[in-house]
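Chains A and B supply the protein sequences, listed in that same order. Note that the numbering used here has the first sequence beginning at 1, numbered continuously upward. Note that the numbering used here has the second sequence beginning at 1001, numbered continuously upward. For glycine and all other residues, C-beta sits at the position ideal for the given N, C-alpha and C. Working notes, beginning with the structure itself.
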Amino acid sequence: MRGGTPSEAGLFAAAPALTMLAMLGPVAAGLAGTLLPAFGYLPAAGISGFSLAPFVDLFDWPGLGQAMRLSVTTGLFATALALAGVTLLFAGWSGTRAFRALERLLSPLLSVPHAAMAFGLAFLIAPSGWIARGLSPWATGWERPPDILIVQDSLGITMTLGLVAKEMPFLLLMGLAAMGQSDAARRMRVVQAAGYGRVTGWLKAVFPSIYAQIRLPVYVVLAYSMSVVDVALILGPSTPSPLSVQIVRWMSDPDLSMRLVASAGALLQLGLVIGALALWRAGEALVAVLGRRWVMRGGRGRAADRLFRPLGVFAGSFSAAVILGGLACLAVWSFAGFWGFPDALPQGFTAQNWMRHGPSAWEATGITALVALIATGIALLLSVGCLEAEYRRGRAISPTGLWLVYLPLLVPQIAFLPGLQTLLLILGYGAGTGPVIIGHLVFVLPYVFLSLGDTWRAWDPRAGIVARALGASPLGVLLRVRLPMLTRPLLTAAAVGIAVSVGQYLPTLLIGGGRVSTLTTEAVALASGGDRRAIGVFGVAQTLAVMVPFAGALLIPAVLWRNRRGMHG
Amino acid sequence: MAEGLTLDKVEILHGDAPLVALDAHIGPGEVLSVMGPSGIGKSTLLSLVTGTLAPAFRHKGRVRLDGQDITRVAPEARRIGILFQDDLLFPHLSVGENLAFGLSRGGSRTERRARIEEGLAEIGLEGFANRDPATLSGGQKARVALMRMLLAEPRALLLDEAFSGLDAERRDQMRKLVFERAERCRLPVLMVTHDRADAEAARGRVVELGARA
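Here it is as structure tokens:
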């Protein structure tokens, strides 16, 4: 669309480039900052000869094989199970009332921080956890917590299950957006008219087009699950730890030369993720070939529904139960007085835990909010700028552009954040809140952009034409018509951005140099201490920090537009 | 200098493929109806006149309004009003604020308010200024949309299937209202429609698109 003053047009035309710089600049710089030390170049530590020594040291670490294996198995299993669960839920139930109920239950859980979920799960299933208490002593005979390793099991099973529970809401939401664009309901009518069972019909007729649209989110889950640090610290094994955790340990070693090993490890982690993504991609091709043959055979699979529909509900309920049960457990612990085993509930509830840990949690909340609000504000400005530029050019984002948006989510944090920290060190920039905000922006931006994009593009362009014909400039249309009409999605996108920022562990820890204390870093730091009351307080505070913005995103438009029925469609 | 709206050998291409062409002059108070099946590019033709042609399209020829070449003028500076099938009232604004959006700048608060009340009275909606547009009937919304556009003091009027969203009775009323106002204000009107009754009610010339093919 033509028009607008040249400077204003220039501002919007620059938005995509600025956005790419904000998202990919730190990733590229971080990868460079990882690459150099990995080959022995770290002038800050007085080491500047290129060598393979860091890799030699890395391969000398006895835990390496196990650490690598953990990364791969955790990532692949968590992704496959979460995808299978969501797929069965869609296949067996989409369009039903049960599905709507589960969808409403799971959608808000998307925003629960990973660390809070992990602590909640640990409190549920530990030998002294809620489940064991509920079953003891009447079913188990336990008078004392049994001495078995459940939470940090050496195979990473607990960690994998935690990730499955946490990633299902994410994939579900991504799938829902895809469902809206695939005419699934009418396809299912055709399929069922041909006598296909629900699950079989859905898998054969709808799944391929849904999967094509959620492929990138699935890759994000895979990359994330392979390299996550906070969940691994809480639920993962410790002897040895997953590779990502070990890298963080090397990074925080006072001996600067350990950063060389850390960098080599980060590159190895990146390689593992790339390899796993390639493997997954090959798996997709294989599934496609087998799926075609399966379709050709023409089986109706009506009997399969009896098995797979309950499985779908089980998967959805599992996710909801783990996250909600865990949160409830955190809340109970945060108010718990004396709570002996095997009592199902504490002997008394008290505000004392909150009195003791509240002030430090409150202080961390302030820094958390500061970082989240600034990062989200910048992300919103850039996203609106990009989408407006898209609209004015009359061209939606290209597939390549979309890949670039997902890139910061696909490159494991552990592969480039150490490099970014090293780079800041080399350049002489101190750690602090500013760099942390820039670090958060890398992850907040893609989610804000993706969250806002669909509704932004779905806005009726004729409203803009009418406004222009009535004498409004392009900027006037944006400020007076489009932004007000999109209040609700804008606030939702802001809530998503805040939730992403609140949940960030590694960027805060590494870029902040341990000196920027948010709710998440404080909570994870409590993991090793095992003070359940303190963890309860911080876990609840962390969850509130993401839930309050979402509540605001619901309430503010309801109040603001209470006399405008057309704004609630 | 010709008064009115002139489409001077206008041709729109999608990429390199010709989509629609029109060469016509519409004098003040005249109506030109452009008819043709959907997908033939009628709305695209109007977007050239409003200045909001999507970048995927190219065009040849010129658009003139009262003798002035407006082909390169920004949409908001053209003063060409347009009505669509849907009322497209802004849902976040009250009825009065919607009209104020259209009302050309200038005048004190009280004067603007009075002008809006006057406009509402003209369409039989006295006292509706504070109403939520979503609570209006389809016919009322259409009238507000018309008044919003007229308050912007357009020099030409475009109708994009403007009556097809209404039921039969309201459609007649609305047609009468629009064409009367256009004639009284001596506005050239370019209407695209697929409904022959629209063209008949307009009592102007009719161009059939797609007839060439």
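Non-local C-beta neighbours of alanine 396/A in its own chain, meaning closer than 7 Å and more than five positions away in sequence, comprise Glu390, Arg457, ordered along the chain. The DSSP-derived three-state label of proline 217/A is helix.
The C-beta of alanine 264/A has 16 or more other C-beta atoms within 10 Å across all chains shown, which makes the residue buried.
Ranked by how close their Cα comes to the Cα of leucine 490/A, the residues Ala525/A, Ala553/A, Pro461/A have Ala553/A in first place.
The segment 1166 to 1174 of chain B makes contact with the segment 1140 to 1152 of chain B: 3 or more CB pairs, one atom from each, lie closer than 8 Å. In the three-state scheme derived from DSSP, where H, G and I count as helix and E and B as strand, glycine 1081/B is classed as strand. Glycine 201/A and threonine 160/A have their C-alpha atoms spaced approximately 30 Å apart. Remark: C-beta atoms of glutamine 246/A and proline 412/A do not approach each other more closely than 8 Å. At a beta-carbon threshold of 9 Å, the residues of chain A lying near arginine 1148/B are Val466, Leu470, ordered along the chain. Burial check for proline 237/A: the Cβ neighbour count within 10 Å reaches 16 or more, so the residue is buried.
For a Cβ distance threshold of 9 Å, residue set Arg462, Ile465, Val466 of chain A lies close to phenylalanine 1084/B, ordered along the chain. Counting other Cβ atoms within 10 Å of its Cβ, methionine 179/A reaches 16 or more and is therefore classed as buried. With a threshold of 16 other beta carbon atoms within 10 Å, asparagine 1130/B falls short and is exposed. Put simply, of Ser257/A, Ala495/A, Val444/A, Leu380/A the residue whose alpha carbon is nearest the alpha carbon of tyrosine 41/A is Ser257/A. A residue is called buried when at least 16 other Cβ atoms come within 10 angstroms of its Cβ; aspartate 454/A does not meet this threshold and is exposed. Within the segment 474 to 490 of chain A, the residues whose Cβ lies closer than 9 Å to any Cβ of chain B are, in chain order, Pro474, Gly476, Val477, Arg480, Val481, Pro484, Met485, Thr487. A direct Cα-Cα distance of roughly 13 Å separates proline 1018/B from leucine 1209/B. By the C-beta density criterion, histidine 568/A is exposed, having fewer than 16 other C-beta atoms within 10 angstroms. Within chain A, the residues placing a beta-carbon under 8 Å from that of aspartate 1132/B are Asn563, Arg564, Arg565, Gly566, ordered along the chain. Contacts with chain B at 8 Å (Cβ-Cβ) include glycine 394/A. One finds Asp460, Arg462, Ala463, Val466 in chain A with Cβ atoms closer than 8 Å to the Cβ of leucine 1088/B, taken in chain order. DSSP lists no beta-bridge partner residue for glutamine 66/A. Less than 8 Å separates the beta-carbon of proline 342/A from that of arginine 133/A. By the neighbour-count criterion, in which 16 or more other beta carbons inside 10 Å mark a residue as buried, asparagine 353/A falls on the buried side.
Identification of chain A residues near threonine 1135/B by a Cβ-Cβ cut-off of 8 Å yields Arg565, ordered along the chain. Judged by DSSP in its simplified three-state form, valine 112/A adopts coil rather than helix or strand. With distances taken between CA atoms, leucine 423/A lies nearest to Gly25/A out of Ala13/A, Gly25/A, Phe12/A, Pro16/A.
For histidine 440/A, the uninterrupted alpha helix (DSSP H) run begins and ends at 433 to 458, by DSSP. In terms of Cα proximity to leucine 279/A, the closest of Tyr219/A, Pro240/A, Leu324/A is Tyr219/A. As the crow flies, the alpha-carbon of leucine 1187/B is around 10 Å from that of leucine 1150/B. Judged by DSSP in its simplified three-state form, serine 241/A adopts coil rather than helix or strand. The beta carbons of arginine 1078/B and threonine 1044/B sit about 17 Å from each other, so the pair does not count as a contact at 8 Å. Valine 190/A and leucine 76/A have their C-alpha atoms roughly 34 Å apart. Residue pairing by DSSP places methionine 1147/B in no beta bridge whatsoever. Between serine 517/A and alanine 375/A, the C-beta spacing is not below 8 Å.
In the DSSP assignment, glycine 275/A falls within the unbroken alpha helix (DSSP H) covering 258 to 297.
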